[in-house]
Amino acid sequence: MIKTRSEKLVFGVLMSVTMAIGMEVYNVAIKMGYNTMPGGLSNMVNQVFPDALVEASYMWIFVFLFSHLWGNRLGHALAAKLIRPEQDNPFFITLMISSCTVLVMCPTMSMVAAILFNVILAGNPVSQLPAIWVGTLIKNFPMALLWNLFAAGPFSRLVYRKIFRH
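Okay, so the sequence shown: first residue is 6 according to my numbering, each after it adds one.
Here is the structure:
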(Lines of atoms letter the chains of each structure in order from A; the text may use other names.)
(Lines give C-alpha, C1' and ligand atoms only; values in the text may rest on other atoms or scores of the structure.)
Protein backbone atom coordinates (compact mmCIF):
# COMPACT_ATOMS: atom_id res chain seq x y z
CA MET A 6 0.00 0.00 0.00
CA ILE A 7 2.30 2.82 1.21
CA LYS A 8 5.36 3.15 -1.02
CA THR A 9 7.04 6.52 -0.35
CA ARG A 10 7.74 8.85 2.57
CA SER A 11 5.24 11.40 1.27
CA GLU A 12 2.56 8.71 1.07
CA LYS A 13 3.39 7.66 4.64
CA LEU A 14 3.06 11.30 5.73
CA VAL A 15 -0.32 11.73 4.04
CA PHE A 16 -1.67 8.47 5.47
CA GLY A 17 -0.35 9.41 8.92
CA VAL A 18 -2.10 12.77 8.82
CA LEU A 19 -5.35 11.16 7.61
CA MET A 20 -5.31 8.57 10.41
CA SER A 21 -4.30 11.10 13.06
CA VAL A 22 -7.05 13.54 12.12
CA THR A 23 -9.79 10.91 11.84
CA MET A 24 -8.78 9.25 15.11
CA ALA A 25 -8.61 12.60 16.91
CA ILE A 26 -12.02 13.73 15.65
CA GLY A 27 -13.75 10.47 16.60
CA MET A 28 -12.17 10.26 20.03
CA GLU A 29 -12.84 13.92 20.80
CA VAL A 30 -16.53 13.59 19.84
CA TYR A 31 -16.70 10.62 22.21
CA ASN A 32 -14.86 12.35 25.06
CA VAL A 33 -16.63 15.69 24.71
CA ALA A 34 -20.00 13.90 24.74
CA ILE A 35 -19.01 12.13 27.96
CA LYS A 36 -17.70 15.39 29.43
CA MET A 37 -21.06 17.04 28.59
CA GLY A 38 -22.82 14.37 30.64
CA TYR A 39 -23.80 11.81 28.02
CA ASN A 40 -22.94 8.27 28.94
CA THR A 41 -22.17 5.26 26.81
CA MET A 42 -24.94 3.11 28.23
CA PRO A 43 -27.84 2.22 25.92
CA GLY A 44 -29.75 5.41 25.20
CA GLY A 45 -27.10 7.58 26.86
CA LEU A 46 -25.75 9.04 23.63
CA SER A 47 -29.13 9.10 21.92
CA ASN A 48 -29.92 12.45 23.57
CA MET A 49 -26.64 14.05 22.46
CA VAL A 50 -26.84 17.62 21.14
CA ASN A 51 -25.07 19.18 18.15
CA GLN A 52 -22.84 21.33 20.39
CA VAL A 53 -20.71 18.23 20.90
CA PHE A 54 -19.33 18.55 17.36
CA PRO A 55 -17.89 22.09 17.38
CA ASP A 56 -16.49 21.54 20.88
CA ALA A 57 -14.88 18.28 19.71
CA LEU A 58 -13.44 19.94 16.61
CA VAL A 59 -11.75 22.56 18.78
CA GLU A 60 -10.01 19.85 20.80
CA ALA A 61 -9.28 17.69 17.74
CA SER A 62 -7.66 20.70 16.03
CA TYR A 63 -4.62 20.27 18.28
CA MET A 64 -4.95 16.70 19.59
CA TRP A 65 -4.33 15.27 16.10
CA ILE A 66 -0.82 16.72 16.29
CA PHE A 67 -0.09 14.68 19.43
CA VAL A 68 -1.54 11.57 17.74
CA PHE A 69 0.61 12.16 14.67
CA LEU A 70 3.76 12.86 16.67
CA PHE A 71 3.50 9.87 19.02
CA SER A 72 2.37 7.46 16.33
CA HIS A 73 5.45 8.37 14.30
CA LEU A 74 7.81 8.30 17.26
CA TRP A 75 6.78 4.87 18.57
CA GLY A 76 3.12 3.96 18.08
CA ASN A 77 3.31 2.64 14.54
CA ARG A 78 6.66 0.89 15.03
CA LEU A 79 5.61 -0.85 18.24
CA GLY A 80 2.19 -1.70 16.80
CA HIS A 81 3.78 -3.28 13.74
CA ALA A 82 6.33 -5.13 15.90
CA LEU A 83 3.57 -6.58 18.09
CA ALA A 84 1.51 -7.55 15.05
CA ALA A 85 4.55 -9.21 13.47
CA LYS A 86 4.52 -11.71 16.33
CA LEU A 87 0.95 -12.70 15.42
CA ILE A 88 0.84 -12.66 11.64
CA ARG A 89 2.42 -14.66 8.82
CA PRO A 90 2.46 -12.29 5.84
CA GLU A 91 3.03 -15.08 3.30
CA GLN A 92 0.07 -17.14 4.59
CA ASP A 93 -2.46 -14.87 6.31
CA ASN A 94 -5.36 -13.08 4.70
CA PRO A 95 -4.57 -9.37 4.05
CA PHE A 96 -7.70 -8.39 6.00
CA PHE A 97 -6.43 -10.30 9.05
CA ILE A 98 -3.02 -8.64 8.71
CA THR A 99 -4.62 -5.17 8.58
CA LEU A 100 -6.82 -6.07 11.54
CA MET A 101 -3.83 -7.17 13.64
CA ILE A 102 -1.68 -4.15 12.73
CA SER A 103 -4.53 -1.75 13.52
CA SER A 104 -5.39 -3.48 16.79
CA CYS A 105 -1.78 -3.62 17.95
CA THR A 106 -1.25 0.03 17.06
CA VAL A 107 -4.29 0.96 19.18
CA LEU A 108 -2.81 -1.19 21.95
CA VAL A 109 0.19 1.18 21.98
CA MET A 110 -1.46 4.48 21.06
CA CYS A 111 -4.44 4.38 23.42
CA PRO A 112 -2.32 4.30 26.60
CA THR A 113 -0.09 6.99 25.09
CA MET A 114 -2.93 9.33 24.17
CA SER A 115 -4.76 8.59 27.42
CA MET A 116 -1.68 9.86 29.25
CA VAL A 117 -1.57 12.98 27.06
CA ALA A 118 -5.27 13.62 27.73
CA ALA A 119 -4.91 12.93 31.46
CA ILE A 120 -2.05 15.41 31.76
CA LEU A 121 -3.53 18.06 29.49
CA PHE A 122 -7.21 18.02 30.47
CA ASN A 123 -7.11 16.79 34.06
CA VAL A 124 -3.83 18.07 35.51
CA ILE A 125 -2.98 21.20 33.51
CA LEU A 126 -6.44 22.53 32.60
CA ALA A 127 -8.54 21.13 35.47
CA GLY A 128 -5.87 21.59 38.13
CA ASN A 129 -6.05 18.10 39.63
CA PRO A 130 -2.96 17.20 41.66
CA VAL A 131 -0.19 15.38 39.79
CA SER A 132 -0.26 12.76 42.56
CA GLN A 133 -3.62 11.60 41.12
CA LEU A 134 -2.19 11.15 37.61
CA PRO A 135 -1.88 7.32 37.78
CA ALA A 136 -5.55 6.93 38.70
CA ILE A 137 -6.66 9.55 36.17
CA TRP A 138 -4.59 7.86 33.44
CA VAL A 139 -5.98 4.38 34.16
CA GLY A 140 -9.54 5.74 34.27
CA THR A 141 -9.01 7.55 30.97
CA LEU A 142 -7.51 4.43 29.40
CA ILE A 143 -10.36 2.18 30.55
CA LYS A 144 -12.92 4.65 29.21
CA ASN A 145 -11.19 5.21 25.86
CA PHE A 146 -9.79 1.83 24.83
CA PRO A 147 -13.02 0.19 23.59
CA MET A 148 -13.96 3.27 21.57
CA ALA A 149 -10.43 3.74 20.19
CA LEU A 150 -10.32 0.14 18.99
CA LEU A 151 -13.77 0.17 17.42
CA TRP A 152 -13.33 3.64 15.91
CA ASN A 153 -9.98 2.63 14.40
CA LEU A 154 -11.23 -0.68 13.00
CA PHE A 155 -14.61 0.42 11.67
CA ALA A 156 -14.36 4.15 10.90
CA ALA A 157 -10.98 5.93 10.95
CA GLY A 158 -8.98 3.10 9.38
CA PRO A 159 -11.36 2.28 6.51
CA PHE A 160 -12.03 5.98 5.82
CA SER A 161 -8.32 6.86 5.82
CA ARG A 162 -7.46 3.94 3.53
CA LEU A 163 -10.29 4.93 1.15
CA VAL A 164 -9.11 8.56 0.94
CA TYR A 165 -5.49 7.39 0.61
CA ARG A 166 -6.41 5.12 -2.32
CA LYS A 167 -8.26 8.02 -3.99
CA ILE A 168 -5.21 10.28 -3.65
CA PHE A 169 -2.57 7.69 -4.58
CA ARG A 170 -3.84 5.41 -7.30
CA HIS A 171 -1.21 2.67 -7.62
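For glycine and all other residues, C-beta sits at the position ideal for the given N, C-alpha and C.
Values in this document were obtained by computation on a predicted structure and should not be read as measured data.
What does the Cβ neighbour count give for residue i, buried or exposed, with the cut at 16 atoms within 10 Å?
i, result
"Tyr31", "buried"
"Thr9", "exposed"
"Leu14", "exposed"
"Leu19", "buried"
"Glu29", "buried"
"Met2", "Past the edges of the chain, shown from 6 to 171, lies residue 2, and the structure says nothing about it."
"Met42", "exposed"
"Gly17", "buried"
"Ala127", "exposed"
Can you check which of these residues, the options, is closest to residue i by C-alpha distance?
i, options, result
"Ala156", "Gly27, Ile7, Arg10", "Gly27"
"Met37", "Ile88, Val53, Leu74", "Val53"
"Pro70", "Gln92, Asn40, Met114", "At residue 70 the sequence reads Leu, which differs from the Pro that was named. Of the listed residues, the one whose Cα sits closest to Leu70 is Met114."
"Gly80", "Pro112, Ser11, Met148", "Pro112"
"Leu161", "Asn94, Thr99, Ser62, Phe67", "The question names Leu, but residue 161 is Ser in the sequence shown. Minimum Cα distance to Ser161 is reached at Thr99."
"Phe96", "Gly158, Met24, Val59", "Gly158"
What's the gap between the Cα of residue i and the Cα of residue j?
i, j, result
"Asn1", "Val107", "As shown, the chain starts at 6 and ends at 171. That puts residue 1 outside it, with no answer to give."
"Asn123", "Pro90", "42 Å"
"Asp56", "Val117", "18 Å"
"Glu12", "Arg166", "10 Å"
"Ser132", "Asn48", "35 Å"
"Met64", "Val22", "8 Å"
"Met4", "Trp75", "Nothing about residue 4 can be reported from this structure: the residues present for the chain run from 6 to 171 only."
If you follow the alpha helix (DSSP H) that residue i is part of, which residue opens it and which one closes it?
i, result
"Phe155", "Where Phe155 is concerned, there is no enclosing alpha helix (DSSP H), given that its DSSP letter is neither H nor E."
"Arg78", "77-85"
"Asn32", "10-36"
"Glu60", "53-71"
"Leu100", "95-118"
Would the stretch 74-91 and the stretch 136-150 be scored as touching if the rule is three or more Cβ pairs under 8 Å?
Too few Cβ pairs lie closer than 8 Å, so no.
Three or more C-beta pairs closer than 8 Å, one from the stretch 146-154 and one from the stretch 97-112: is that the case here?
In short, these stretches touch, since the Cβ pair count reaches three.
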